[in-house]
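Chemist:
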Amino acid sequence: MVDFSTYRALSFDCYGTLIDWESGIRAWVDGWIAKTGVETTADAFLRAFNGHESAVQAAEPSERYPLILAEVARRFARDAGLTVSDEDAEAFGASVGDWPAFEDSTSALRRLRERFELIILSNVDRLSFARSNEQLGVTFNSVITAEDVGSYKPDPQNFDTLLATADAIGVPKHQLLHVGESLFHDIQPANRDGIDVVWINRGAVRDTPRASGGTDSAQLGKPVATFTSMSDFADAALAS
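Everything in the sequence shown is counted per our numbering, starting at 51 for the first residue and increasing by one.
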């Protein structure tokens with residue numbers, strides 16, 4: 051059992067951990083299909099999503115996230131032999147704030163805030179996160195976005211910024227616990243930097259096809275604990 055009382059701050063990935071980005075993307079793709087009659091599926095889009103997103107982020111690390119998403123839509127359409135208008139691609143980029151929070155996110159965060167400092171480390175821009183945070187309804191002690199850092203996770207700069215931010219509020223590395231869903235974006239790079247990490251494996255309880263990449267258990271790394279929901283994590287963290 052992990053003694054969570056040794057930690058003073060929790061840093062969170064947002065999309066996939068707190069916000070259900072896959073359901074949000076499905077909703078946009080379904081709306082695009084209904085509007086244009088384009089012959090594809092949300093499953094096909096999700097299967098291609100991570101590869102396109104990682105490639106665009108690597109090529110344009112300082113680009114704001116809505117523009118990253120718009121380019122993802124264009125690359126998906128190109129590779130699938132489809133057409134997406136600039137208007138629709140830009141609408142996808144602007145859809146982040148519409149992506150729903152997981153049902154357990156707000157209650158878990160409010161409970162955790164009673165004991166821990168809360169930090170966001172997210173691969174989006176400030177405006178997109180601000181819209182998502184309206185759904186979460188929680189005040190974080192610090193918010194770090196890709197727009198602030200000028201790069202996207204898993205770039206080491208993002209976790210260096212996290213450590214500097216924690217240090218600025220008096221939290222050393224050994225008292226910081228990072229919480230994330232993506233093995234590629236969060237678990238592995240946190241391990242690389244010697245940051246303890248919890249894996250929120252929401253994929254273990256989902257019954258729909260998921261976005262490819264970042265979920266191979268052979269690439270897991272070494273989380274100190276694994277949970278299938280934020281609710282279960284909060285229960286364990288507050289029981290210590």
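Heads up, the beta-carbon is just placed ideally off N, CA and C, and yes, glycines get one too.
Alpha carbon to alpha carbon, how far is Ala158 from Ser281?
Modeler: Start at 1 with the first residue of the sequence shown, and residue 158 comes out as number 108. Start at 1 with the first residue of the sequence shown, and residue 281 comes out as number 231. Going from the Cα of Ala158 to the Cα of Ser281 covers about 5 Å.
Chemist: Taking C-alpha atoms, which residue in Ser182, Arg114, His102, Ser55 lies nearest to Arg128?
Modeler: Residue numbering aside, residue 128 sits at position 78 when the sequence shown is read from its first letter. The residue with the shortest Cα to Cα distance from Arg128 is His102.
Chemist: Do the CB positions of Val221 and Phe283 come within less than 9 Å of each other?
Modeler: Walking along the sequence shown from the start, residue 221 turns up at place 171. Walking along the sequence shown from the start, residue 283 turns up at place 233. No, these two residues do not count as a Cβ contact at 9 Å.
Chemist: Pull up the DSSP beta-bridge partners for Thr276, would you.
Modeler: Looking up residue 276 in the sequence shown gives position 226. Paired residues: Trp249.
Chemist: Starting from Phe179, trace the alpha helix (DSSP H) both ways and give me its first and last residue.
Modeler: As a first step, residue 179 is located in the sequence shown; it is residue number 129 there, counting from the start. Where Phe179 is concerned, the enclosing alpha helix (DSSP H) stretches over 176 to 186.
Chemist: Excluding the 5 residues preceding and the 5 following Asp200 in the sequence, name in chain order all residues of the same chain whose CB lies nearer than 6 Å to its CB.
Modeler: Here the question's residue 200 lines up with position 150 in the sequence shown. Just to set this straight, residue 200 is Gly in the shown sequence, not Asp. Result list for Gly200: Ser112, in chain order.
Chemist: Just list the residues that DSSP pairs Ile83 with in beta bridges.
Modeler: Locating residue 83 in the sequence shown gives position 33, where the first residue counts as 1. Paired residues: none, contrary to the question.
Chemist: Helix, strand or coil: which one does DSSP assign to Phe283?
Modeler: The residue labelled residue 283 in the question sits at position 233 within the sequence shown. The answer is helix: DSSP assigns Phe283 an H, G or I state.
Chemist: Where are the alpha helix (DSSP H) runs, 4 residues long or more, that stay fully inside the stretch 98 to 157, in chain order?
Modeler: With a minimum length of 4 residues, the continuous alpha helix (DSSP H) runs that stay inside the stretch 98 to 157 are 115 to 129, 136 to 143.
Chemist: Can you give me the C-alpha to C-alpha distance between Ala268 and Phe234, rounded to a whole angstrom?
Modeler: Numbered from its first residue, the sequence shown carries residue 268 at position 218. Numbered from its first residue, the sequence shown carries residue 234 at position 184. Any answer about Ala268 is weak, because its pLDDT of 42 lies below 50 and its placement is not dependable; what the coordinates show is given next. Each residue's alpha carbon lies about 12 Å from the other.
Chemist: Determine the direct distance from the alpha carbon of Leu168 to that of Ala218, and round the result to whole angstroms.
Modeler: Along the sequence shown, read from residue 1 onward, the residue named residue 218 stands at position 168. Along the sequence shown, read from residue 1 onward, the residue named residue 168 stands at position 118. Their Cα atoms are separated by approximately 13 Å.
Chemist: Does DSSP put Arg58 in a helix, in a strand, or in coil?
Modeler: Position 8 of the sequence shown holds residue 58. Looking at Arg58 - three-state DSSP - the assignment turns out to be coil, as it is neither helix nor strand.
Chemist: Could you round the C-beta distance between Pro116 and Asp175 to whole angstroms and report it? I think they count as a contact, below 8 Å.
Modeler: Taking the sequence shown and counting its residues from 1, the one referred to as residue 116 is at position 66. Taking the sequence shown and counting its residues from 1, the one referred to as residue 175 is at position 125. That belief holds up - the Cβ atoms of Pro116 and Asp175 are roughly 7 Å apart, short of 8 Å.
Chemist: Determine the direct distance from the alpha carbon of Val79 to that of Thr86, and round the result to whole angstroms.
Modeler: Indexing the sequence shown from 1 puts residue 86 at position 36. Indexing the sequence shown from 1 puts residue 79 at position 29. Each residue's alpha carbon lies about 11 Å from the other.
Chemist: So, does the stretch 204 to 214 touch the stretch 176 to 184, judging by three or more C-beta pairs under 8 Å?
Modeler: With a cut-off of 8 Å, the stretch 176 to 184 and the stretch 204 to 214 do not count as touching, because too few Cβ pairs lie within range.
Chemist: How many angstroms separate the CA atom of Asp243 from the CA atom of Val122?
Modeler: Against the sequence shown, residue 243 aligns to sequence position 193. Against the sequence shown, residue 122 aligns to sequence position 72. The straight-line gap from Cα to Cα measures roughly 29 Å.
Chemist: Buried or exposed: which applies to Val188, given that a residue is buried once 16 or more other Cβ atoms fall within 10 Å of its Cβ?
Modeler: By 1-based counting over the sequence shown, the position of residue 188 is 138. Buried: at least 16 other Cβ atoms inside 10 Å.
Chemist: With distance defined between alpha-carbon atoms, name the residue in Asn191, Pro273, Phe62 nearest to Lys203.
Modeler: Counting from 1 along the sequence shown, the entry for residue 203 is found at position 153. Of Asn191, Pro273, Phe62, the residue nearest in Cα terms is Phe62.
Chemist: If contacts are defined as beta-carbon pairs under 8 Å, then Ala120 and Glu140 qualify, I think. What distance do you get, rounded to the angstrom?
Modeler: Taking the sequence shown and counting its residues from 1, the one referred to as residue 120 is at position 70. Taking the sequence shown and counting its residues from 1, the one referred to as residue 140 is at position 90. Yes, they are in contact, since the Cβ atoms of Ala120 and Glu140 sit about 5 Å apart, within 8 Å.
Chemist: Beta-carbon within less than 6 Å of Leu171's beta-carbon, same chain only, minus the 5 sequence neighbours each way: which residues are those?
Modeler: By one-based count along the sequence shown, residue 171 stands at place 121. Only Ser61, Ile194, Leu212 meet the Cβ criterion.
Chemist: From what residue to what residue does the alpha helix (DSSP H) around Glu167 run?
Modeler: Sequence index remark: in the sequence shown, residue 167 carries index 117 (1-based). That residue, Glu167, is in no alpha helix (DSSP H); its beta strand (DSSP E) goes 167 to 172.
Chemist: Rounded to the nearest angstrom, how far is the Cβ of Glu197 from that of Thr67, given a contact under 8 Å?
Modeler: As a working note, residue 197 is residue 147 in the sequence shown. As a working note, residue 67 is residue 17 in the sequence shown. Actually they do not touch by this definition, with Cβ atoms about 19 Å apart.
Chemist: From this set, Gln225, Gly253, Thr276, Asp236, which residue's C-alpha is nearest Arg165's C-alpha?
Modeler: For the purposes of this step, residue 165 is identified with residue 115 of the sequence shown, where counting begins at 1. Nearest of Gln225, Gly253, Thr276, Asp236 to Arg165, Cα basis: Gln225.
Chemist: Is it buried or exposed for Glu153, if we count other Cβ within 10 angstroms and need 16 for buried?
Modeler: Here residue 153 is taken as the residue at index 103 of the sequence shown, counted from 1. Result: exposed.
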